[in-house]
Each structure stands twice: as structure tokens, then as C-alpha cells.
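Each protein sequence line maps, in turn, to chains A and B. Every number in the working numbering is 2 more than the matching position in the first sequence, counting from 1. Every number in the working numbering is 2 more than the matching position in the second sequence, counting from 1. C-beta: ideal position from N, C-alpha, C; glycine also. Every value quoted in this text rests on a predicted model; they were computed, and no experiment measured them. Below: the structure, in C-alpha cells.
Protein chains: 2
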Amino acid sequence: MPTDVTAFAPATVANVGIGFDILGHTVDAVGDRVRLRRIEEPTVRIRSITGIPGDISLNPHSNTAGRALQAMRGALELSHGFEIDIEKGIPLASGMGGSAASAVAAVVAANALLPNPVHRLRLLMFAMQGEIVASGSAHLDNIAPCLYGGLVLTVGIDQPRVKQIPVPPQVRCVLVRPHMHLGTREARAILKSDVTRSDFVWQTANLAGFISGCYSNDLDMIRDSFNDVIIEPQRQSLIPGFKMVQSGAMTAGALGCSISGAGPAIFAWTVQQHAEAVRAAMVDAFTSHGLQSDSWISSLAAAGARVVPA
Amino acid sequence: MPTDVTAFAPATVANVGIGFDILGHTVDAVGDRVRLRRIEEPTVRIRSITGIPGDISLNPHSNTAGRALQAMRGALELSHGFEIDIEKGIPLASGMGGSAASAVAAVVAANALLPNPVHRLRLLMFAMQGEIVASGSAHLDNIAPCLYGGLVLTVGIDQPRVKQIPVPPQVRCVLVRPHMHLGTREARAILKSDVTRSDFVWQTANLAGFISGCYSNDLDMIRDSFNDVIIEPQRQSLIPGFKMVQSGAMTAGALGCSISGAGPAIFAWTVQQHAEAVRAAMVDAFTSHGLQSDSWISSLAAAGARVVPA
Chain A
3 MPTDVTAFAP ATVANVGIGF DILGHTVDAV GDRVRLRRIE EPTVRIRSIT GIPGDISLNP
63 HSNTAGRALQ AMRGALELSH GFEIDIEKGI PLASGMGGSA ASAVAAVVAA NALLPNPVHR
123 LRLLMFAMQG EIVASGSAHL DNIAPCLYGG LVLTVGIDQP RVKQIPVPPQ VRCVLVRPHM
183 HLGTREARAI LKSDVTRSDF VWQTANLAGF ISGCYSNDLD MIRDSFNDVI IEPQRQSLIP
243 GFKMVQSGAM TAGALGCSIS GAGPAIFAWT VQQHAEAVRA AMVDAFTSHG LQSDSWISSL
303 AAAGARVVPA
Chain B
3 MPTDVTAFAP ATVANVGIGF DILGHTVDAV GDRVRLRRIE EPTVRIRSIT GIPGDISLNP
63 HSNTAGRALQ AMRGALELSH GFEIDIEKGI PLASGMGGSA ASAVAAVVAA NALLPNPVHR
123 LRLLMFAMQG EIVASGSAHL DNIAPCLYGG LVLTVGIDQP RVKQIPVPPQ VRCVLVRPHM
183 HLGTREARAI LKSDVTRSDF VWQTANLAGF ISGCYSNDLD MIRDSFNDVI IEPQRQSLIP
243 GFKMVQSGAM TAGALGCSIS GAGPAIFAWT VQQHAEAVRA AMVDAFTSHG LQSDSWISSL
303 AAAGARVVPA
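Structure representation (C-alpha cells):
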């Protein structure tokens, strides 16, 4: 058995516009790396956090990766412990699933250190314990795609069903993060507790059309369905320039454009040949609102968290 | 050109539990037949209504088939008219899409009488005009599957998108209609105008899981997702014995069981080998509540309305 393993876990776009709290997909161009060393002391400790700076605790109980490993140690009754080095590639509070990625990378690395690795669905539950530290509640719409890869539907919490949904191979995701911070709790707090029946029907129609379009390689159906009538209207005011970024992306040929997770990052889907134009339009729109940004283009092929060379 | 054409249009299960107002599927074992004769007078007239008795108007303006043909004549600027004979196989106010079937059969027959038949999407819009007579509002969740066949998603009204969704071939629908009447308007009037965000998330998760399960032939996912948390709880009290019919179906091996359209018919999905047992359990449960019933078992292969021998 190795005693030292490094895992990479990609950024994720939760919600994907029309799938609030249930859909998410990977953005493999950016992610967190976690290096784990097996230690004989029965504990979890964090040795270092490097990469993109952020207010991340070195106390394992208050750290998503640390808490996920504590949950894993407890559930599997491991006698040994882990020492963690975290290299953040995903900025915090960006809507890119950074807290999920650290937790997922940690459990994937830990699993590779076990003589009897456990099934992915168990890793999912351990990583979710970490996610609770970050968001205050259990949710899987970042964790599940981060672990499984590609576009992923997650149903339920206690006994989650996870389903990977195929995406037409010519589709790319453009992800643009403006240099500002937005807390998940704040973005959640502004949501109304009710949905009108009319909006509910529209959103379900769009969700069903979107998923059908993904399975049947029907880009027209994906584009026509890519419209979140419930969450986006409530959250868009939290992101300066959102409307202009979105209309820029659509004019440049995007299939759809919405808020990544709780924001402020904004994502678009587009076919490969328009991806650079869509990115430029989105970045320019943020610039014209005085916001610098980072951006990535990524395929939506299934590539979840994985062990990588150190 | 023929001057006399008969078309059959199947019964339909609207909503399919988790797809309120957007999903529907055919039940090809039962339907309406409409015989059309081309007449030179520029009018639409109904000569006879036979089959299952019901309070159906012979005035074409107040009859779904008549109104659909009036809409078709007007839009296509036809100089000739139609004389209609309707043979009802679907009882009215049963939740089986009877008003949609008469309208769809009429426009399919009329199209076969035209020298230049029009596209199915136009027929959909004509039939919808007929449906307005019956339900008081435009909706397509019976019309679209009735016309296209199989399981059908419909998004929008003015420029509807219609998507046929494949169903695993071993699935059968059991449809049971108790001998009682329930008006669509009444069943609609009791619905709350809002949905909680929590129920909304659950319902979308189930809908997405259901559609994914259909595309990927995943019966476990279909069964686990087949749970309407929004409409069924509000409507079930309108149908005596609903809970017992549903639990009987599930115990007998159904994948799911819910209200067909606005009810009172109840449908279940099951694999072929359990279909007779599911039917028996549902019929028995109604009987124990003092209700006789009719029942059908049908495949979900795509077979929409079609011209048939007279």
C-alpha cells in the first residue's frame, strides 16, 4: 500500500440553471489538489494550505477536507490517521464548488490509501459531512458531480440516487469568475420560500426538456429549455453586470448562460467553435462593470476526482 | 383523394404523476374513432355521436372535434366542409383524455382528406382549439401524446416544443377507471396556487430521475422517482379508495401509481409480467370501496392517432 497519495478534484457548476439543488457538472480545467499522508496517530491534521489564498481553517473540524476525513475515519473505524496538504485551485465563495472539491479530493486520496477501498457512494456521504462545514447544510449538487464527473443528477440526501447524464460531445462550458465574493448563505437567504404553480410548471418543463435534449443530442431542445425562471431572477441582482454578461454570451452563440451555484461565477454552455467568443463576451461584460475576472473553458466529458501524480 | 376517412385516437394519461401539465402518454388499448366525410358546404356538422354515452354537444362549436375542425378550416382557408360521426370509446370526465382524443382523431382524419396534408405540429394547434371547449383553457398534455404516441413531453403553448421520450420496452401501463365522474375544472380548482421550495426541489428531482430512467432503461431509477409530492396529495381525496388502490398496485409490483390526468382514473406502470396482478389489485381496491371499474393494459410504444379502416 502507498502511504502518500495526491488526488485532484475539479471545480463544479451546481444547479446548471434549471436544476436547482439537483444538477451539477464538472469544470475539469480547474480544481483543488489534496495530498494525504498516512500517519499512525489516530487523528486528522492539516499541515498546509497553499494555492489561492482564502480564509480556510487549519483546524480539521472546521475544514471541509478535514471534516470529511474525520467522518470517513469514524465510519470505517480506521486505526490510523491522515496528514493533509491542500493546494487550492478554486477560489472560495466563488460559486465553483471549492469547498466540495477539497472534501472530495481528500476522500478519494484516502480511499487509495486503504487496503480495502470503499464504494463511491460511501465516499459521497463522507465528503458531504465536509460540505456541511462550508454551507451549513447537507447538499450534494457540487459533491456528486465532483466525485463522479460530467453532468450529474442527485436525488435525495440520506439515500441519494446519483445519475450521470450524457452531454452532447460538442458542448463546452465557459466559466467566468469575477473578482468579488459572495457567500452561499447570503445567496440562499434571499430566496423566497414559495414558488408559484405557474413558475413551477415552466421550470419543470424546461428541466425535462433540458435532460431530454442531453440524452438525445438535441441542441435546439437544450437551448430552448435553458431558462431558469425561478432562482436566477431572484439572485441576479447580487452579481453586478449579470444581465449584460448573459446577453453577451447568448449573442456570441451560447446555448444558455446562468449563475454557477450561488454565484458570483457565471457559466455558459456552447458548442466548441463558439467557446472563445462566448468567453470574450462574458469577460468583456464584467470588465465594463469594473470587474476583472478569471475564465476557463472545459469539456463536459465525465472526469471526476482522481488520484494524480504528486 | 378519399372523401371519407376514419381515424382512431388513443386514450392518454396526462401528468404521469411527476410531470404535471407537461407529460402524457398514450393508452392504445382504448380510444375514440371519428369518421369524416368531405362535404361541399363550407361548414362543419356533427351527424352522430355513438359509443359510450355522455353529455356531448352535437353543436360543432361546443364539441371538441367540431371546434378543432372549425379551427383547421379557418386556418387553412378550406372551401369545403366536414360531416362528423364520433364513436366514443373513452368515457367523459374520466381523466383519460377523451375530449382530446375526439379532437385529435378529427384533425388526423381531416388531414387525410386534404390534397396537401399539413405537418403534425399544425394539427396539434388545431386540436388544441378543440380542447379549449372541454377544459376552458389551452393545454397540450393530452393532445400531444394522443397525436404523437408513446410518452411525450410538451413545453409551452404558443410555440410548443414536443419531445417523444423512449420508455423501456418491458413497461406496461395499467389504467383503471372507477365508475364515477370528476370534472377537470373541479380537480383543478382545488390546487393551491403556490408550491413550497422544498416540494419544488423534490418534485424536480423526481421528474429528472424519471426522465433519466426512461432514457437509460433504468427501472430502479424510474421506481425511485415515481413520486408526485405536489399534485397527488392535493387531489387524492377526490377519489374514494385512492390510497388503497395505489398501495395495492405497489404491493403487486408496480413501478409507480398515481392519478391519470385530473382523475378519477388511476394508472400504474409495471413490467409486463406483473401487469395482470397489478390490475387485479387496483380493481379489487375500488370494489372494496363500492366502485365498479373498467381497466386496460397497454404497452407504451409510440402509437399515436392514425387513420384506420372504417
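Measure the C-alpha to C-alpha separation of residue i and residue j and round it to an integer number of angstroms.
| i | j | result |
| --- | --- | --- |
| A/Ser101 | A/Pro147 | 13 Å |
| B/Ala251 | B/Leu153 | 21 Å |
| A/Ala312 | A/Glu89 | 11 Å |
| A/Val310 | A/Leu38 | 12 Å |
| A/Gly158 | B/Val203 | 10 Å |
| A/Ser301 | A/Asp30 | 7 Å |
| A/Arg174 | A/Val273 | 6 Å |
| B/Gln131 | B/Ile233 | 26 Å |
| A/Ser249 | B/Val178 | 49 Å |
| A/Gly265 | A/Gly21 | 15 Å |
| B/His63 | B/Ser262 | 27 Å |
| B/Ile299 | A/Ala111 | 51 Å |
| B/Asn219 | B/Ile213 | 10 Å |
| B/Gly255 | A/Glu43 | 51 Å |
| B/Leu221 | B/Gly215 | 6 Å |
| B/Ser295 | B/Pro180 | 4 Å |
| B/Thr8 | B/Gln166 | 25 Å |
| B/Ala279 | B/Ser260 | 17 Å |
| A/Val109 | A/Pro117 | 14 Å |
| B/Leu115 | B/Leu78 | 13 Å |
| A/Glu95 | A/Arg163 | Strictly speaking, residue 95 of chain A in this sequence is Ala, with Glu absent from that position. Taking the straight line from one Cα to the other gives about 27 Å. |
| A/Asp6 | A/Asp87 | 11 Å |
| A/Gly76 | A/Ala129 | 13 Å |
Could you give the DSSP three-state label for residue i: helix, strand or coil?
| i | result |
| --- | --- |
| A/Gln238 | helix |
| B/Ala277 | helix |
| A/Thr5 | coil |
| B/Phe288 | helix |
| A/Leu126 | helix |
| B/Ser297 | strand |
| B/Ser260 | strand |
| A/Leu149 | helix |
| A/Phe22 | coil |
| A/Gly250 | helix |
| A/Ala307 | coil |
| B/Ile233 | coil |
| A/Val109 | helix |
| B/Val29 | strand |
| A/Val135 | helix |
| B/Ala267 | coil |
| A/Gly97 | coil |
| B/Ala102 | helix |
| A/Ala114 | helix |
| B/Ala140 | coil |
| A/Ala13 | strand |
Excluding the 5 residues preceding and the 5 following residue i in the sequence, name in chain order all residues of the same chain whose CB lies nearer than 6 Å to its CB.
| i | result |
| --- | --- |
| A/Leu60 | Ile48 |
| A/Val169 | Leu153, Cys216, Leu302 |
Taking residue i as the query, report the chain D residues whose CB atoms sit under 9 Å from its CB, ordered along the chain.
| i | result |
| --- | --- |
| B/Asn208 | Chain labels in this structure do not include chain D; the protein chains are A and B. |
For residue i, which residues from the same chain have a beta carbon less than 8 Å from its beta carbon, with the 5 sequence-adjacent residues on both sides left out?
| i | result |
| --- | --- |
| A/Arg69 | Pro62, His63, Ala105, Gln131, Gly132, Ile134, Val135 |
| A/Asp81 | A small fix is needed here, since residue 81 of chain A is Ser in this sequence, not Asp. Once the five neighbours on either side are set aside, the close Cβ partners of A/Ser81 are Pro44. |
| B/Asp57 | Leu94 |
Output needed for residue i: all residues of its chain with C-beta closer than 7 Å, excluding positions within five of it in sequence on either side, in chain order.
| i | result |
| --- | --- |
| B/Val15 | Gly26, His27, Val29, Cys175, Leu177, Ser262, Gly263, Phe269 |
| B/Arg190 | Ala264 |
| B/Gly306 | Thr28, Cys148, Leu149, Tyr150, Gly151 |
| A/Ile41 | His82, Gly83, Phe84, Glu85 |
| B/Met182 | Pro266, Leu293 |
| B/Leu209 | Ile20, Gly21 |
Please find out if some non-hydrogen atom of the ligand FMN comes closer than 8 Å to the beta-carbon of residue i.
| i | result |
| --- | --- |
| B/Ser64 | Judged by which ligands are present, the structure shown has none, so any question about the ligand FMN falls away. |
Which whole runs of the beta strand (DSSP E) in the stretch 152-228 of chain A are 3 residues long or more, in chain order? Listed in chain order, they are 153-157, 163-167, 173-180, 196-198.
Could you pull out every unbroken alpha helix (DSSP H) segment of at least 4 residues lying fully inside the stretch 33-79 of chain B, listed in chain order? Listed in chain order, they are 66-78.
Scan the stretch 17-43 of chain B for residues whose Cβ lies nearer than 9 Å to a Cβ of chain A and list them as they occur along the chain. Listed by position, the residues of the stretch 17-43 of chain B near chain A (Cβ gap below 9 Å) are Ile20, Gly21, Phe22, Asp23, Ile24, Leu25.
Residues from the stretch 184-205 of chain A in contact with chain B, defined by Cβ distance under 9 Å: The stretch 184-205 of chain A vs chain B, Cβ under 9 Å: Leu193, Lys194, Ser195, Asp196, Val197, Thr198, Arg199, Ser200, Asp201, Phe202, Val203, Trp204, Gln205.
Listed from N- to C-terminal order along the chain, which residues in the stretch 124-147 of chain B have their beta-carbon within a distance smaller than 9 Å of any beta-carbon of chain A? Residues of the stretch 124-147 of chain B with a Cβ closer than 9 Å to any Cβ of chain A: none.
Taking a Cβ distance cut-off of 8 Å, strictly less, list which residues of the stretch 223-242 of chain A are near chain B, in chain order. Cβ contacts with chain B come from Met223, Asp226, Ser227, Ile232.
Which residues, in chain order, does the stretch 297-312 of chain B contribute to contact with chain A at a C-beta distance below 8 Å? Among the residues of the stretch 297-312 of chain B, none has a Cβ less than 8 Å away from any Cβ of chain A.
Near-chain B residues of the stretch 84-104 of chain A - C-beta to any C-beta below 9 Å: Result list empty, no residue passes.
The stretch 161-176 of chain A: positions lying closer than 8 Å to chain B by Cβ: Those would be Arg163, Lys165, Ile167, in chain order.
Closer than 8 Å, Cβ to Cβ, to anything on chain B: give me those residues from the stretch 253-272 of chain A, in chain order. Result list empty, no residue passes.
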